[in-house]
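Taking it in order: structure first as structure tokens, then the write-up.
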Amino acid sequence: MFSQSGPQRYISDVDAYDQLPSFISDLKVTKVLFLHGTKSLRAAKPYLPNFGDHVEVTDVFFNGECSYEEIHRVAAIAKEHQVQMVIGLGGGKVLDTAKAVTTGTHLYLVLIPTLASNCAPWSSVSVHYKANGEHLDHKIYKETAHLLLINPKVILNSPVNYYVAGIADTLAKFYESELMFEALDDDEYTTALSISRQMAINCKNILLNNSVQAVKDMQAGQLTHTWRTVMETIIVTAGTVGGWGGDYARSTGAHSVHDALTLFPETVHLLHGIKVGYGILVQLAIEHHYDDIRNLLPFYHELNIPTNLEDLGLGDIDDAGITKIAAVSADPETTMHLIPLDIDTDAVKSAIYKLEEITAPVK
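In terms of our numbering, the sequence shown opens at residue 752 and continues consecutively.
Given below as structure tokens:
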């Protein structure tokens, strides 16, 4: 097992972006590739400084998916312009692409998230998709970002649904890792694993106690301590779970269910974390933790996180479709099998049906 605690330097402040020109100058960088989306640039532009009078910037618009084709396209541009640094600005897919382009190279990496929808800014992982949004795989890198910059004002003004998706995705840090931690003997706990487990517990406690108010604050445009705590839990605390815990704290069952759901066009419009949120409930059903499901349901309903197939837009799915979700989720190559249980297609299928039973409207 190896641990990668996070970026080399992290700044979270309303003037965080102002640190960028001196960072570029101190590294004697003169050629930068700036990767971003249209909306992310519009959100951050009022706060972005000039990168430096003597810095040549190659401006690259992101194509929308962290696909191998997009990674190769951006890498080719970086090579053509002989850049020394890649700056990724935007959501998780933009940042994952920037990470994929720089890994294994001499290029410096700066990440500037404009959403709090997952821990991509903190992690050393990229998740890859097809151009149509279907999940492909993920890669774990040996490097993390040289610099991570967060301007809370930019994220506060981002769409609330991304923030809610981030809450659901971060909640999975606890539920996906807890059985693995419980299976460890006391003498197997290293300092890194102890930190990882405590961070996973923090994710759960902070989110369950503060998320509803944080979402209300965001809807009101109020940059409160509660909102900021939840925002940084999504990006930072969540990132430290996998960063310190390695294979003991990676995505497991909930994310495997998410990956299977991406095969259904009806779910394309749903954000990553929203599908993961549903996956948490399926994983808890696999583990027969039905009381945990019932305890989470009011929280899910308050934040409008899906609890059943109807909520996912799959209300008309038949048994064959459910079998497909279960089979893909339980494929031997998935992270589902990091859970210390015997899990197969039938186990996942039974869990999905059990969840439907638990969440069925009371007649």
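Glycine residues also receive a C-beta, built at the ideal position from the N, C-alpha and C atoms. Please read all numbers here as calculations on a predicted model, not as lab measurements.
Taking a contact to require three or more Cβ pairs closer than 8 Å, the stretch 895-912 and the stretch 927-944 do not qualify as touching. DSSP, read as helix, strand or coil, puts Tyr1041 in helix. Where Tyr819 is concerned, the enclosing alpha helix (DSSP H) starts and stops at Tyr819 to Glu831. Three or more Cβ pairs closer than 8 Å define a contact, and the stretch 791-809 meets that threshold against the stretch 894-906. In this structure, Ser1101 places its C-beta atom within 9 Å of the C-beta atom of Ala1036.
Non-local beta-carbon contacts of Gly1072 in its own chain, meaning distances under 8 Å to residues more than five positions away in sequence, involve Phe1015 and Leu1065 in chain order. With respect to the 9 Å criterion, Gly997 and Ser773 are not classified as neighbours on the basis of their beta carbons. Counting the other CB atoms within 10 Å of its CB gives Asp1069 a total below 16, which places it among the exposed residues. The C-beta distance from Leu898 to Gln759 rounds to 7 Å, short enough to fall under 8 Å. Where Ser877 is concerned, the enclosing beta strand (DSSP E) starts and stops at Val876 to Tyr880. Counting C-beta pairs closer than 8 Å gives three or more between the stretch 1085-1096 and the stretch 999-1012, which meets the contact rule. The beta carbon of Ile828 sits closer than 7 Å to those of Leu784, Thr809 and Val811, all from its chain and outside the five residues before and after it, given in chain order. Non-local C-beta neighbours of Lys881 in its own chain, meaning closer than 8 Å and more than five positions away in sequence, comprise Glu816, Ser818 and Leu887, ordered along the chain. In terms of CA proximity to Ser868, Thr988 leads the group Leu1048, Thr988 and His832. Apart from the 5 residues on each side of it in sequence, Asp968 sits with its Cβ closer than 7 Å to the Cβ of Thr975, Thr977 and Trp978 in its chain, given in chain order. Contact annotation: Leu1106 and Val1019 have beta-carbon atoms that are not nearer than 9 Å. One thing to note: Val981 has its Cβ no nearer than 9 Å to the Cβ of Asn953. Here DSSP, grouped into helix, strand and coil, assigns Asp1095 to coil.
The C-alpha of Ile1094 is placed about 28 Å away from the C-alpha of Ser875. In summary, Arg948 is buried, with 16 or more beta-carbon neighbours lying within 10 Å of its beta-carbon over all protein chains present. DSSP places His889 within a strand segment (E or B) once states are collapsed to three. The Cβ atoms of Val852 and Leu786 lie closer than 9 Å to each other. Shown here, Glu816 sits in coil according to DSSP, grouped into three states, outside any helix or strand.
With a threshold of 16 other beta carbon atoms within 10 Å, Gln970 falls short and is exposed.
In this structure Ser756 touches Gly994 by the C-beta definition: roughly 5 Å separates them, less than 8 Å. The three-state reading of DSSP puts Val808 in strand, counting E and B together.
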